[in-house]
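Asker:
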Amino acid sequence: MSENQEALSGPDLTRGVPAADVPEGGMLLGHADGEPVLVARSGGELFAVGNRCPHYGGPLNEGLLVGDTVRCPWHHSAFSLRSGAMLRPPALADLPCWEVRERGGVVVVTGRRPSRGSPPNHEGSPVPASAHHQSNAPTSVVILGGGAAGAVAAETLRREGYDGPITIVEAGPSTPYDRPNLSKDYLAGTAPEDWIPLHPDSFYTEQRIELALGRRATAIDAGARRLVLD
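The structure is reproduced here in structure tokens:
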């Protein structure tokens with residue numbers, strides 16, 4: 002996806018700003034370590050996250066602060082201010098987070114937190130207790146449709162700890178890609194082809210998500226939990 006380059010604006014948050022510049026329910030755009038950073042105060046707590054939505058680079062400081070979440074003004078993705086976690090698509094990635102403190106009436110961003118990383122893969126660290134390990138969990142999951150919704154469904158299963166087989170069935174020949182972009186920047190010649198896929202092919206291999214491309218479902222037997230392909 003695009004990460005629109007922008008000139009840094011606002012104060013250098015590593016040098017500190019008056020606490021009054023970040024009132025309760027307010028947001029302040031600044032920068033730290035060469036990156037745009039949003040500082041927000043909600044419920045008496047301070048938060049600092051990246052200001053650029055990972056979907057199309059929307060400026061989050063122009064969005065909405067709702068509790069401990071921030072919502073993009075362009076396509077309404079929602080992110081946790083506590084962890085940077087993506088809570089609602091169309092964004093597919095988390096926000097970076099920074100440590101922030103208030104002392105002596107001054108708010109200071111002190112450093113970037115380690116990244117949460119990608120959803121755990123089979124060879125990675127053990128997944129948390131999850132639906133896959135519960136007695137009522139499906140032994141496998143098949144997702145019909147390889148658009149953004151299907152891709153997010155598969156990624157969310159892995160993010161939430163599901164470790165069983167996942168298959169995406171897609172009638173088209175391509176891995177999940179950014180379809181709205183095809184009618185906008187791509188046709189205008191302003192978006193390179195590497196912006197179009199939602200993830201590189203290696204992502205699906207690492208996450209053990211099987212892609213059945215060029216296949217159509219012809220029948221679903223819900224009782225038998227069986228899917229018939231063409």
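Numbering (this note's numbering), first residue to last: 2 to 231. Beta carbons are placed, not taken as given, at the ideal position from N, Cα and C, and that holds for glycine.
1) In three-state DSSP terms, what is A86?
2) At 3 residues or longer, what runs of the beta strand (DSSP E) sit wholly inside the region 46-73?
3) Starting from D222, trace the beta strand (DSSP E) in both directions and tell me its first and last residue.
4) Quick check on the DSSP output: the alpha helix (DSSP H) that includes P181 runs from which residue to which?
5) Would you identify the three-state DSSP class for V23, choosing helix, strand or coil?
6) So, with DSSP's three-state summary, where would you put E194?
7) Among D22, D186, A213, A192, which has the Cα closest to the Cα of A152?
8) From R114, G147, A154, E100, pick the residue whose C-alpha is nearest to that of P90; which is it?
9) Please classify E206: does DSSP put it in a helix, a strand, or coil?
10) Going by CA-CA distance only, name the one from A20, G165, S184, G224 that's closest to V109.
11) Measure the C-alpha to C-alpha separation of G173 and R216 and round it to an integer number of angstroms.
12) With DSSP run on the structure shown, which of helix, strand or coil describes L158?
13) Is the region 39-52 in contact with the region 17-31, if contact means three or more CB pairs nearer than 8 Å?
14) Measuring straight from C-alpha to C-alpha, what distance separates G162 and Q208?
15) Note down the Cα distance separating Q187 from P37, rounded to an integer number of angstroms.
16) Compare the beta carbon distance of L39 and V71 with 9 Å and say whether it is the shorter of the two.
17) Please report how far the alpha carbon of V128 lies from the alpha carbon of L158, in whole angstroms.
18) Could you check if I210 is buried or exposed, using at least 16 other CB atoms within 10 Å of its CB as the buried criterion?
19) Using 8 Å as the cut-off, can you tell me whether the region 70-88 makes contact with the region 9-26, which would need three or more C-beta pairs spanning the two stretches below that distance?
20) What residue does the alpha helix (DSSP H) around A33 start on, and which one ends it?
21) Considering only C-alpha positions, which residue in the set P60, V101, P115, H56 is nearest to L88?
22) Just verifying my parser: in three-state terms, what is the DSSP assignment at D186?
Answerer: On the basis of the data shown:
1) Counting from 1 along the sequence shown, the entry for residue 86 is found at position 85. Looking at A86 - three-state DSSP - the assignment turns out to be coil, as it is neither helix nor strand.
2) 46-51, 65-67, 70-72
3) The residue labelled residue 222 in the question sits at position 221 within the sequence shown. Here the beta strand (DSSP E) through D222 covers 218-222.
4) Within the sequence shown, the letter at position 180 stands for residue 181. First-last of the alpha helix (DSSP H) with P181: 180-183.
5) Looking up residue 23 in the sequence shown gives position 22. V23: coil per DSSP, three-state reduction.
6) One-based indexing of the sequence shown puts residue 194 at position 193. Note: E194 maps to helix in three-state DSSP.
7) Here residue 152 refers to the residue found at position 151 when the sequence shown is read from its first residue. Nearest option by C-alpha distance: A213.
8) The residue given as residue 90 occupies position 89 in the sequence shown. Comparing Cα positions, the closest option is A154.
9) The residue you call residue 206 lines up with position 205 of the sequence shown. Reading off the sequence, residue 206 comes out as Thr, not Glu. Note: T206 maps to helix in three-state DSSP.
10) If you number the sequence shown from 1, residue 109 lands on position 108. Minimum Cα distance to V109 is reached at A20.
11) Within the sequence shown, residue 173 is the residue found at index 172, counting from 1. Within the sequence shown, residue 216 is the residue found at index 215, counting from 1. Each residue's Cα considered, the two are about 7 Å apart.
12) As a working mapping, residue 158 is identified with position 157 in the sequence shown. Helix.
13) yes
14) Against the sequence shown, residue 162 aligns to sequence position 161. Against the sequence shown, residue 208 aligns to sequence position 207. Cα-Cα distance, rounded: 11 Å.
15) Numbered from its first residue, the sequence shown carries residue 187 at position 186. Numbered from its first residue, the sequence shown carries residue 37 at position 36. It should be noted that the sequence gives Tyr, not Gln, for residue 187. Each residue's alpha carbon lies about 26 Å from the other.
16) In the sequence shown, the residue the question calls residue 39 occupies position 38. In the sequence shown, the residue the question calls residue 71 occupies position 70. Closer than 9 Å, so yes.
17) Within the sequence shown, the letter at position 127 stands for residue 128. Within the sequence shown, the letter at position 157 stands for residue 158. At V128 the pLDDT is 43, less than 50, meaning the model places this residue with poor confidence; the figure from the coordinates comes in the next sentence. Straight-line Cα distance between these residues: approximately 11 Å.
18) Locating residue 210 in the sequence shown gives position 209, where the first residue counts as 1. Result: buried.
19) no
20) Here residue 33 corresponds to residue number 32 of the sequence shown, with the count starting at 1. Looking at the DSSP string, A33 is not in any alpha helix (DSSP H); the run it does join, the beta strand (DSSP E), is 28-33.
21) For the purposes of this step, residue 88 is taken as the residue at position 87 of the sequence shown. Measuring from the Cα of L88, the nearest candidate turns out to be H56.
22) Here residue 186 corresponds to residue number 185 of the sequence shown, with the count starting at 1. Here D186 sits in helix by DSSP.
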